[in-house]
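Line by line, the protein sequences give chains Z and C. The first sequence begins at 1 in the numbering used here and counts up one residue at a time. The second sequence begins at 1001 in the numbering used here and counts up one residue at a time. Backbone N, C-alpha and C define an ideal beta-carbon position, used for all residues, glycine too. The structure under discussion appears below in the form of structure tokens.
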Amino acid sequence: MTAPFSARHIGPSDADRKSMLKTLGVTSVETIISQTIPANIRLGHDLDLPEAVSEAEALAELQEKLAHNNVLKSFIGQGYHGTNVPPVIQRNLFENPAWYTAYTPYQAEISQGRLELLFHFQTLVCELTGLDVASASLLDEATAVAEAVGIAVRHHKGERDRIIIAGALHPQVTDVIETRAGPLGLTIDCEYIDAKTAAVIVPWPDTYGVYRDFKQTIKQAKAAGALVIAVCDPLALVVTESPASWGADIAAGSTQRFGVPIAFGGPHAAYLAVTDALTRLMPGRLVGQSVDTKGRPGYRLALQTREQHIRRDKATSNICTAQALLANMAAAYSIWHGPEGLSEIATQVHSLASRFAAAVTEAGNTVAGNSFFDTVTVSAPGRANAIAQDAERGGRFVRAIDADRVAVSFDEASSELDAFELAELFGASSLPAEAETKLPAPRKGKFLTQAVFHENRSETQMMRFLRRLADKDLALDRAMIPLGSCTMKLNAAAEMMPVSWPSVANLHPFAPDKHTKGIREMIAELENWLCEITGFAAVSLQPNAGSQGEYAGLLAIRAYHASRGQAHRTVCLIPSSAHGTNPASASMVGFDVVVVKCTEQGEVDVDDLTAKAVQHADRLAALMVTYPSTHGVFEETIKDICAIVHDHGGQVYLDGANLNAMVGLARPGDIGGDVCHMNLHKTFAIPHGGGGPGVGPIGVAAHLKKFLPGHVTRKTRQAVSGAPWGSAGILAISWMYIRMLGPDGVRKASENAILSANYIATRLSAHFPVLYKGDNGRVAHECIFDFRPFKETAGVSVEDVAKRLTDYGFHAPTMSWPVAGTLMVEPTESEPKVELDRFCDAMISIAAEIQMMADGKMSKTDNPLVNAPHTAEEVTADVWDHPYTRAKAAFPSGAGQAAVKYWPPVSRIDNVYGDRNLVCSCPPIEAIAV
Amino acid sequence: MSKTYFTEDHEWLRVEGNVATVGITKYAQEQLGDLVFVDLPTTGKAVVKGGAAVVVESVKAASDVYAPVDGSITDVNTALSSDPAIVNGAPESDGWLWKMTLSNPSQLDGLMDEAAYLKMVG
């Protein structure tokens, strides 16, 4: 009998736990938990979850369940297309922990590999759209178009409130735009363009596959000063004119068909590109090129002041994350194929579509429009559903738009036989060998001339290219990533395996229900388990990130108040310690943010909360509160806090970012929360992907159930994502996690997360002050160390400490959040004691280094901290003129470190230079050759 | 003859006749660190005392600069669009942010002189 999965998932062994408890001066884990979590919120019983099974058993059970999916070849299209994932990318990137276990690249020096590939993604998007600046991806096509609308509204400084949708977008995209527009007071229609029109949205092509003539519309938009948003299929852009060339100010769409599996709706990387003038209004991540201290080029996240963690309710959006892993797959796909390969794929797709159109026209059918790329809509009055069923009998899905029209969408995976047999369904007897092109104006001139899109055509080169990039980054496959509030726990191999199964990867999100029974059963089970874990009545898995969960949860609260004739309730109380996303989300649903003070101990100031709840009682909509707190403490007063808000007519939104401290020990629903979001990419083992994907479901109490997001394909509305279950393709990871741990294992995981955080707090408290503790002197699952005093005594900043940790081989903890000048450490349950000790030893060694400067034994301007991180190039240079040794610079943990050394590829990146000299895509080769 | 006033929000304004030139103080510049962007208003815009007129950004913070008095904006320092570092180098001279008319000159009475301001920031 092998060890249970919980013993594989949880790092410390029984013996380790004993030793750790000894350090903490107690004899049982239960003592630590009872000292940490207030007694009045403890869950008195085991969670009602199925008992744990082994990895093999869980995989077999899930495989059997998913066998109830019928994965027919899809010609549905509608934003989700078949693609051939190049095996070299599948194996070396998608399934490679060096890529998928990395964190968001805030620490630029140890993230150069994925930053570089995201930079190529931005270059790809700029080249295809012809626009100046592209972001490092958004969550999906529907939200990307909604974010583009947000740019237009901000561009007009809120003075214009009309959005014109000039043609038929995919229904799920329109639905999300409508959801977003409602609370902001925007009206959406298809009528005239006037001086109140902020944006005109042009589908290119539309949901029927047709390119309509928008010349007049665009002229009118320009005359009225409205921005033009082009929603474009990027594969079509390979062979057609760029949207910038015909007047688009913004372009958005999905890059899914660039080698990313359909995966029942996601995750996929959406793209967003804008003209130069709109750069600072862009939401989300933007990778920029800067220089390091030696003047070498290096990448970093640029213009972060746009983002919610700095601008809060004035941010450009509540977006925190991107779809880094999937954007990187799309970039790798275009590097692998190059411009010639992409052109060949696009040409072949169009050729099949136009031959199919010619065949069905020849057979007496009518097809929509004169111009299309991949999708042909055929008139079939009264017969559309019958044809769709015939297609299914032949092993293919097509899209019955209504009773009278069928759309057939071709893609990279389509064959001539597919086109022929589909044409037969419409009475055709043959497929012409050629057909006239139906594309709109073709692309002019060369594109993707940059060297990287030409250098990696053999598999050997491509494999090494991806390896070279991965080697620049520090991910979980090398060392602990002790990021507070991010829960960088193990993403076990068995959890990851189902993501690649064809029964998940190749399933279209709009396939008929009878063919998707297996995955929907898995989803329903996961929903039930998450309800049990959180103590709520219902869960929606649709939100694609924590921020999207917040948005969906606040929308539910808003709709609940409105349903009771209380639509005037718009005041949202948010503690000053809250994550910036909270106020950003509140502002997106039209709430007015009122900040509640925190005490010096970092807890919500209950007196201030009470005063503000009383003051705003008539208009109180909600409180958003993180529990355990963003300061890593279980506040004793949480139940009182919830009661105060309820007594004054408000709802409690509980931010579940820190849920990993609570599973099996306490439940948000029992504490008094009405809504709570969970981050499946934190607590439930979905990897961070180097900056996305994320999954941020919400749980709600019974009275809010009917206000959860719907979806147009389920005959409900108010969607927050393009796909009904959001990033359904990665939900299997969380299903596996819970199934393999069972009720006992998930509780033990939380207990160990708390134990390990307290172990680190105890070991390091003699060297660095721990900023916040609970009443019994314990922290929750994370702890904050204060470095502010050292600025004065030793000239050392918290950034110096963070960068110095790289020399020791660690990813820095969360820096300067939630308190400036501090580091927040969250070890998670997965790190073994030996790694916790290695981290503590490194921190203690850094404390000694700081003391050298404080004692005047080392220069405050030339020392191992201010010069960190040290590159191989510097420590092996012929000249070394620092007052410490090369060994101290590079191997501060001792000689043994040499064998496992992580070398940062660049020294410290110059943030100021990067923001003052913004470069966020590689110029074409002719622009370089002067 | 001009006279310079200071606010509690770390702005200075130099008043000549009915026009004031406004910027941020040396102390404010030091607190903000290297500026990477200055979001300038459009000329002709009316501003009220205490309302945000300009946003200055460093790599880690975005801060509002408030109008110290009521009036309307007559000129902005366009040199800052391409070189925001001027504010760091010469916050109280070449790094001025905007010029404005004063619609209520009596508001100047509530502001500090340089000595009082320097005492406030210690």
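Spatially closest choice to residue 699 of chain Z from Z/691, Z/653, Z/660, by CA coordinates: Translated into positions along the first sequence, residue 699 of chain Z becomes position 699. In terms of Cα proximity to residue 699 of chain Z, the closest of Z/691, Z/653, Z/660 is Z/653.
The region 856-868 of chain Z / the region 796-815 of chain Z touching (three or more Cβ pairs under 8 Å): yes
Residues in the region 811-830 of chain Z having any Cβ partner in chain C nearer than 7 Å: none
Extent of the continuous alpha helix (DSSP H) to which residue 1026 of chain C belongs: The residue you call residue 1026 of chain C lines up with position 26 of the second sequence. 1026-1032 is the extent of the alpha helix (DSSP H) around residue 1026 of chain C.
Within 7 Å, strictly: CB atoms of residue 259 of chain Z and residue 83 of chain Z: Against the first sequence, residue 259 of chain Z aligns to sequence position 259. Against the first sequence, residue 83 of chain Z aligns to sequence position 83. In this structure, residue 83 of chain Z lies closer than 7 Å to residue 259 of chain Z by Cβ.
Among Z/631, Z/130, Z/683, Z/341, nearest to residue 244 of chain Z - alpha-carbon criterion: As a position in the first sequence, residue 244 of chain Z is number 244, starting the count at 1. Residue 244 of chain Z has its Cα closest to that of Z/130, out of Z/631, Z/130, Z/683, Z/341.
Beta-carbon proximity of residue 432 of chain Z to residue 355 of chain Z, cut-off 7 Å: The residue given as residue 432 of chain Z occupies position 432 in the first sequence. The residue given as residue 355 of chain Z occupies position 355 in the first sequence. In this structure, residue 355 of chain Z lies closer than 7 Å to residue 432 of chain Z by Cβ.
Option in Z/682, Z/528, Z/856 with minimal Cα separation from residue 47 of chain Z: The residue labelled residue 47 of chain Z in the question sits at position 47 within the first sequence. Here the closest residue by C-alpha is Z/528.
Spatial distance of residue 331 of chain Z from residue 808 of chain Z (CA atoms): Position 331 of the first sequence holds residue 331 of chain Z. Position 808 of the first sequence holds residue 808 of chain Z. Straight-line Cα distance between these residues: approximately 32 Å.
Within chain C, the residues that residue 911 of chain Z reaches when beta carbons sit closer than 7 Å: Against the first sequence, residue 911 of chain Z aligns to sequence position 911. Those are 1059, listed as they occur along chain C.
Simplified DSSP state of residue 69 of chain Z, which is helix, strand or coil: Position 69 of the first sequence, counting from 1, holds the residue named residue 69 of chain Z. Residue state, collapsed to three classes: strand.
Inter-stretch contact at 8 Å, needing at least 3 Cβ pairs: the region 490-503 of chain Z / the region 672-688 of chain Z: The region 490-503 of chain Z makes contact with the region 672-688 of chain Z: 3 or more CB pairs, one atom from each, lie closer than 8 Å.
Limits of the alpha helix (DSSP H) - the one that residue 42 of chain Z falls within: Taking the first sequence and counting its residues from 1, one reaches residue 42 of chain Z at position 42. Looking at the DSSP string, residue 42 of chain Z is not in any alpha helix (DSSP H), and its letter there is neither H nor E.
Exposed unless 16 or more other CB atoms sit within 10 angstroms - verdict on residue 941 of chain Z: With chain Z covering only 1 through 930, there is no way to say anything about residue 941 of chain Z.
Supposed close pair residue 384 of chain Z, residue 401 of chain Z - CB separation, criterion 8 Å: Taking the first sequence and counting its residues from 1, the one referred to as residue 384 of chain Z is at position 384. Taking the first sequence and counting its residues from 1, the one referred to as residue 401 of chain Z is at position 401. Indeed, because the Cβ distance is near 7 Å, the residues count as touching under 8 Å.
Min CB distance residue 1034 of chain C to chain Z below 7 Å: Taking the first residue of the second sequence as position 1, residue 1034 of chain C is located at position 34. Cβ-Cβ to chain Z under 7 Å: yes for residue 1034 of chain C.
For residue 271 of chain Z, the residue or residues it bridges with in DSSP: For the purposes of this step, residue 271 of chain Z is taken as residue 271 along the first sequence, with counting starting at 1. Z/253.
Nearest candidate by alpha-carbon position, reference residue 626 of chain Z, set Z/591, Z/242, Z/776, Z/818: Position 626 of the first sequence, counted from the first residue, corresponds to residue 626 of chain Z. Comparing Cα-Cα distances from residue 626 of chain Z to each of Z/591, Z/242, Z/776, Z/818, the minimum goes to Z/818.
Short CB-CB distance (under 7 Å) between residue 915 of chain Z and chain C: To locate residue 915 of chain Z, count along the first sequence from 1; it is residue 915. By this cut-off, residue 915 of chain Z is an interface position.
Outcome for residue 1057 of chain C when other beta-carbon atoms lying within 10 angstroms are tallied against a minimum of 16: Numbered from its first residue, the second sequence carries residue 1057 of chain C at position 57. Classification of residue 1057 of chain C: buried, given that the 10 Å Cβ count is 16 or more.
Completely contained beta strand (DSSP E) runs for the region 195-228 of chain Z, where each covers 3 or more residues: 197-204
Straight-line Cα distance separating residue 70 of chain Z from residue 395 of chain Z: By 1-based counting over the first sequence, the position of residue 395 of chain Z is 395. By 1-based counting over the first sequence, the position of residue 70 of chain Z is 70. Looking at the two C-alpha atoms, the distance is approximately 9 Å.
Residue 1011 of chain C - DSSP class collapsed to helix/strand/coil: Residue mapping note: residue 1011 of chain C aligns to position 11 of the second sequence, counting from 1. Per DSSP, reduced to three states, the secondary structure at residue 1011 of chain C is strand.
Same chain, Cβ closer than 8 Å to residue 288 of chain Z, neighbours up to 5 away in sequence not counted: Taking the first residue of the first sequence as position 1, residue 288 of chain Z is located at position 288. Counting only Cβ-Cβ distances below 8 Å, and skipping sequence neighbours, we find 299, 300, 301, 302, 303, 914, 915, 918, 919, 920.
Same chain only: Cβ atoms within 6 Å of residue 659 of chain Z, ignoring 5 sequence neighbours per side: Here the question's residue 659 of chain Z lines up with position 659 in the first sequence. Here residue 659 of chain Z has 678, 683 as same chain residues with Cβ atoms under 6 Å from its own Cβ, once five neighbours each way along the sequence are excluded.
Contacts around residue 172 of chain Z, its chain only, beta-carbon distance under 8 Å, and the 5 residues preceding and following it disregarded: As a first step, residue 172 of chain Z must be located in the first sequence, where it is residue number 172. So the list reads 78, 79, 142, 711, 712, 713, 719, 722, 723, once near-sequence residues are dropped.
C-beta neighbour in chain Z for residue 1079 of chain C, strict 7 Å: Along the second sequence, one-based indexing puts residue 1079 of chain C at 79. Judged by the 7 Å Cβ criterion, residue 1079 of chain C is not in contact with chain Z.
Amino acids of chain C, ordered along the chain, whose beta-carbon sits closer than 9 Å to that of residue 151 of chain Z: Position 151 of the first sequence, counted from the first residue, corresponds to residue 151 of chain Z. Within chain C, no residue comes near residue 151 of chain Z; the closest Cβ sits about 16 Å away, beyond 9 Å.
Within-7 Å CB hit, residue 275 of chain Z to chain C: As a first step, residue 275 of chain Z must be located in the first sequence, where it is residue number 275. Chain C contact via Cβ: absent.
Residues sharing a beta bridge with residue 1066 of chain C, DSSP: Residue 1066 of chain C sits at position 66 when you count from the first residue of the second sequence. BP columns for residue 1066 of chain C point to C/1052.
Neighbourhood of residue 220 of chain Z by C-beta, 7 Å cutoff - its chain only, sequence neighbours within 5 removed: Here residue 220 of chain Z corresponds to residue number 220 of the first sequence, with the count starting at 1. The residues are 193.
DSSP state of residue 1040 of chain C mapped onto helix, strand, coil: The residue you call residue 1040 of chain C lines up with position 40 of the second sequence. Coil at residue 1040 of chain C, not helix or strand.
Interfacial residues, the region 307-323 of chain Z to chain C, with Cβ spacing under 7 Å: 310, 311
Sequence-distant residues of the same chain with beta carbon closer than 6 Å to residue 930 of chain Z, five excluded per side: For the purposes of this step, residue 930 of chain Z is taken as the residue at position 930 of the first sequence. Confidence at residue 930 of chain Z is low in this model, with a pLDDT of 45, below 50, so its placement is unreliable and the value that follows should be read with caution. Excluding positions up to five away in sequence, the list is empty.
Three-way DSSP call (helix, strand, coil) for residue 627 of chain Z in this model: Start at 1 with the first residue of the first sequence, and residue 627 of chain Z comes out as number 627. Note: residue 627 of chain Z maps to coil in three-state DSSP.
Classification of residue 27 of chain Z by the beta-carbon crowding that lies within 10 angstroms, buried from 16 upward: Sequence index remark: in the first sequence, residue 27 of chain Z carries index 27 (1-based). Of the residues assessed, residue 27 of chain Z falls on the exposed side of the cut-off, its CB having fewer than 16 other CB atoms within 10 angstroms.
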